[in-house]
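Report on one structure; see the data block that follows.
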Ligand code: NAP
Ligand code: HSE
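Numbering (the working numbering), first residue to last: 41 to 467.
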């Protein structure tokens with residue numbers, strides 16, 4: 041039987057894993073699909089670069105046309121990353137009736153609707169399981185496993201690099217910059233790790249998850265984003281003392297038909313299973329009206345975990361090709377997107393303030409909380425230096441709008457030396 045031929049775009053961390061799995065698991069893959077799967081050509085930037093695996097030299101190319109315009113190739117597997125020229129390559133490939141598997145969350149979060157529309161028009165498959173949470177099959181679960189339910193909340197650690205950094209800072213007291221370098225060396229980080237540490241990578245993934253979970257076209261701009269670059273060892277130590285861990289959490293919620301989506305460093309109560317997810321591991325908690333609470337856990341980045349998801353998508357496309365049912369899976373959002381206002385978003389918050397240590401300061405702070413209708417949960421004060429004090433406050437549930445107004449009011453107080461940190465609190 042004629043083999044299914046793949047054009048691989050990229051032979052970096054993930055591409056290397058894809059070659060390893062397709063070659064190493066060939067017998068199993070053939071048994072599952074019924075047809076051999078062959079990597080025909082591989083696009084790279086630099087053919088003469090040393091590679092972690094041995095690849096026939098004739099398979100490597102620097103010319104995308106040898107793949108995109110190659111009539112022998114049935115399927116493009118895109119693991120090169122970035123927006124352009126990647127988007128053009130994918131659209132051109134779809135135009136020619138080639139199916140697409142991609143691990144590219146940047147592209148799917150920003151241009152997923154154009155790509156899926158083109159695929160539907162051409163009767164092609166586009167699968168992107170590896171774009172969210174590496175080796176965890178969360179996209180398939182949202183599309184298929186939860187198709188009978190109405191999802192109310194998706195909360196997760198969806199970036200391996202930042203979880204690796206925060207875990208090492210919390211468990212080993214490691215230094216932020218050092219651990220970031222380690223995560224880069226291990227192949228977890230994006231080519232520009234700013235998108236990991238500033239929360240953009242997680243925001244892109246939450247855009248994809250929220251769109252699939254809530255059936256509304258959530259855009260990247262709908263996600264409130266804050267990264268981990270300002271999380272200090274002091275914050276992590278306070279979190280521990282109070283019974284929390286600091287995690288970069290993506291939280292997408294639906295209340296009636298109103299949505300809110302955010303990515304921010306969050307203090308998570310250490311009794312919540314997400315608090316004990318460490319290292320490069322990711323976890324996605326999904327709450328459905330009927331099913332209740334579920335949680336998915338696994339490696340969120342790295343060569344073989346990510347390639348596992350990519351190759352599962354290859355198998356899915358290959359099976360569809362064999363059955364002649366490609367282009368049937370596209371899930372278009374069918375609900376109108378309605379977002380919550382800041383007044384409608386509520387949470388508990390942690391605040392760490394540095395203030396002048398003099399009479400009446402605490403009274404003025406509590407008055408500001410009262411002015412903005414933010415109720416105090418707990419307050420700790422301790423000396424900072426000869427003239428200053430540190431005040432730690434955990435609030436009860438408060439609206440985001442009221443918290444913003446409170447921060448603004450506190451910022452104008454003459455006794456305030458600084459709002460050192462400010463975190464959402466979960467659980
Ligand atoms: P990577 O290690 O940087 O590899 C990128 C590969 O693409 C390299 O082989 C590079 O060629 C090639 N490439 C890049 N730009 C190219 C261009 N313009 N023309 C031709 N070839 C080009 O990246 P990666 O970590 O494997 O990530 C790939 C994709 O998977 C990204 O979208 C990333 O977000 C996603 N992803 C990564 C992980 C992970 O753990 N790393 C997990 C999930 C998803 P050279 O080798 O010649 O430089
Ligand atoms: N840089 C990403 C992460 C890769 O650290 O999670 C997986 O998407």
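Note that beta-carbon positions come from the ideal geometry of N, C-alpha and C, so glycine has one too. These numbers were taken from a predicted model, which means no experiment stands behind them.
> Which residues in the same chain as residue 73 place their Cβ atom closer than 7 Å to its Cβ, once the five residues preceding and following it in sequence are excluded?
Replying inline: As a position in the chain shown, residue 73 is number 33, starting the count at 1. Taken in chain order, the residues that qualify are 355, 358, 359, 362.
> If you draw a straight line from the alpha carbon of residue 411 to that of residue 206, how long is it in whole angstroms?
Replying inline: Mapped onto the chain shown, residue 411 falls at position 371. Mapped onto the chain shown, residue 206 falls at position 166. One C-alpha to the other measures close to 35 Å.
> Can you tell me the Cα-Cα spacing of residue 314 and residue 295, whole angstroms?
Replying inline: By 1-based counting over the chain shown, the position of residue 314 is 274. By 1-based counting over the chain shown, the position of residue 295 is 255. Each residue's Cα considered, the two are about 22 Å apart.
>> Taking the straight line between their C-alpha atoms, what separation do you get for residue 216 and residue 209?
In response: Residue numbering aside, residue 216 sits at position 176 when the chain shown is read from its first letter. Residue numbering aside, residue 209 sits at position 169 when the chain shown is read from its first letter. Answer to the nearest angstrom: the Cα atoms are 7 Å apart.
>> Measuring straight from C-alpha to C-alpha, what distance separates residue 59 and residue 377?
In response: Here residue 59 is taken as the residue at index 19 of the chain shown, counted from 1. Here residue 377 is taken as the residue at index 337 of the chain shown, counted from 1. The straight-line gap from Cα to Cα measures roughly 40 Å.
> So what does DSSP say about residue 226, is it helix, strand or coil?
Replying inline: Numbered from 1 along the chain shown, position 186 holds the residue referred to as residue 226. If DSSP states are grouped into helix, strand and coil, residue 226 belongs with coil.
> Mind pulling the alpha helix (DSSP H) runs of 4 or more residues that sit fully within the segment 189-244?
Replying inline: 200-212, 216-225, 234-237
> Quick one, are the C-beta atoms of residue 87 and residue 106 less than 8 Å apart?
Replying inline: Your numbering for residue 87 matches position 47 in the chain shown. Your numbering for residue 106 matches position 66 in the chain shown. For residue 87 and residue 106, no; Cβs fall outside 8 Å.
> Any idea if residue 300 is buried or exposed, counting beta-carbon neighbours within 10 angstroms, 16 or more meaning buried?
Replying inline: Your numbering for residue 300 matches position 260 in the chain shown. Label assigned to residue 300: buried.
> Would you call residue 364 buried or exposed, if buried means 16 or more other Cβ atoms sit within 10 Å of its Cβ?
Replying inline: For this step, residue 364 is matched to residue 324 along the chain shown. Exposed.
>> Which runs of the beta strand (DSSP E) at least 3 residues long sit entirely within the segment 417-445? Give them in chain order.
In response: 428-435
> With contact counted as at least three CB pairs below 8 Å, one residue from each stretch, are the segment 109-123 and the segment 44-54 in contact?
Replying inline: yes
>> Within 10 Å of its beta-carbon, does residue 406 have 16 or more other beta-carbons around it, so buried, or fewer, so exposed?
In response: Counted from its first residue, the chain shown places residue 406 at position 366. Per the 10 Å Cβ criterion, exposed.
> Can you find a heavy atom of ligand 2 that lies under 7 Å from the Cβ of residue 230?
Replying inline: For the purposes of this step, residue 230 is identified with residue 190 of the chain shown, where counting begins at 1. Under cutoff, so the answer is yes.
> DSSP beta-bridge partners for residue 139?
Replying inline: Here residue 139 is taken as the residue at index 99 of the chain shown, counted from 1. According to DSSP, residue 139 bridges with 115.
>> Please report the distance separating the alpha-carbon of residue 155 from that of residue 404.
In response: Position 115 of the chain shown, counted from the start, is the residue given in the question as residue 155. Position 364 of the chain shown, counted from the start, is the residue given in the question as residue 404. Cα to Cα, the separation comes out at about 55 Å.
> From what residue to what residue does the alpha helix (DSSP H) around residue 345 run?
Replying inline: Here residue 345 refers to the residue found at position 305 of the chain shown. Residues 343-363.
>> Just list the residues that DSSP pairs residue 379 with in beta bridges.
In response: Start at 1 with the first residue of the chain shown, and residue 379 comes out as number 339. According to DSSP, which records beta bridges pairwise, residue 379 is partnered with 299.
> Which word fits residue 262, buried or exposed, when buried means at least 16 other C-beta atoms lie within 10 angstroms of its C-beta?
Replying inline: The residue given as residue 262 occupies position 222 in the chain shown. Buried, since its Cβ has 16 or more Cβ neighbours within 10 Å.
>> In the DSSP output, what is residue 372 paired with across the bridge?
In response: On the chain shown, position 332 is the one that residue 372 refers to. DSSP lists no partner for residue 372.
> Does DSSP put residue 256 in a helix, in a strand, or in coil?
Replying inline: Here residue 256 refers to the residue found at position 216 when the chain shown is read from its first residue. Looking at residue 256 - three-state DSSP - the assignment turns out to be strand.
> If you check the beta carbons only, do residue 389 and residue 255 fall under 8 Å apart?
Replying inline: To locate residue 389, count along the chain shown from 1; it is residue 349. To locate residue 255, count along the chain shown from 1; it is residue 215. Cβ distance not < 8 Å, so residue 389 and residue 255 don't count as in contact.
> Within this structure, are the beta carbons of residue 340 and residue 144 separated by less than 8 Å?
Replying inline: Working through the chain shown from its first residue, we reach residue 340 at position 300. Working through the chain shown from its first residue, we reach residue 144 at position 104. In this structure, residue 144 does not lie closer than 8 Å to residue 340 by Cβ.
>> What does DSSP give as the partner residue(s) for residue 307 in the beta ladder?
In response: What you label residue 307 is simply residue 267 of the chain shown in a count that begins at 1. Paired residues: 286, 465.
> Just the Cα atoms here: how many angstroms apart are residue 219 and residue 287?
Replying inline: Residue 219 sits at position 179 when you count from the first residue of the chain shown. Residue 287 sits at position 247 when you count from the first residue of the chain shown. Rounded to the nearest angstrom, the two C-alpha atoms are 15 Å apart.
> Of the choices 66, 53, 258, whose alpha-carbon is the least far from that of residue 152?
Replying inline: For the purposes of this step, residue 152 is taken as residue 112 along the chain shown, with counting starting at 1. The option with the nearest alpha carbon to residue 152 is 258.
>> Short of 6 Å in beta carbon distance, which residues of its chain neighbour residue 32, apart from the five on each side in sequence? Order them along the chain.
In response: Residue 32 is absent from the model: the chain starts at 41 and stops at 467.
>> Using only the alpha-carbon positions, how far apart do residue 438 and residue 450 sit?
In response: If you number the chain shown from 1, residue 438 lands on position 398. If you number the chain shown from 1, residue 450 lands on position 410. Cα to Cα, the separation comes out at about 16 Å.
>> In this structure, how does DSSP classify residue 322 when only helix, strand and coil are distinguished?
In response: Walking along the chain shown from the start, residue 322 turns up at place 282. Looking at residue 322 - three-state DSSP - the assignment turns out to be strand.
> Under a Cβ-count criterion, where at least 16 other Cβ atoms within 10 Å of its own Cβ denotes burial, should residue 111 be classed as buried or exposed?
Replying inline: Counting from one through the chain shown, the residue named residue 111 turns up at place 71. Looking at its Cβ environment, which holds fewer than 16 other Cβ atoms inside 10 Å, residue 111 is exposed.
> To the nearest angstrom, how far is it from the Cα of residue 260 to the Cα of residue 427?
Replying inline: Position 220 of the chain shown, counted from the start, is the residue given in the question as residue 260. Position 387 of the chain shown, counted from the start, is the residue given in the question as residue 427. Each residue's alpha carbon lies about 44 Å from the other.
>> So, for residue 417: in the same chain, excluding its five sequence neighbours on each side, which residues have a beta-carbon less than 7 Å away from its beta-carbon?
In response: Taking the first residue of the chain shown as 1, we reach residue 417 at position 377. So the qualifying residues of the chain are 388, 434, 435, 436.
> Roughly how many angstroms separate the alpha carbons of residue 100 and residue 235, rounded to a whole number?
Replying inline: Taking the chain shown and counting its residues from 1, one reaches residue 100 at position 60. Taking the chain shown and counting its residues from 1, one reaches residue 235 at position 195. Between residue 100 and residue 235, the C-alpha separation is close to 29 Å.
> In terms of residues, what are the limits of the alpha helix (DSSP H) holding residue 124?
Replying inline: The sequence position of residue 124 within the chain shown is 84, counting from 1. No alpha helix (DSSP H) contains residue 124, which DSSP labels as neither H nor E.
>> Please report the straight-line C-alpha distance between residue 398 and residue 458, rounded to a whole angstrom.
In response: Here the question's residue 398 lines up with position 358 in the chain shown. Here the question's residue 458 lines up with position 418 in the chain shown. Distance between the alpha carbons of residue 398 and residue 458: 15 Å.
> Any chance the segment 172-192 sits against the segment 274-282, with 3 or more Cβ pairs inside 8 Å?
Replying inline: no
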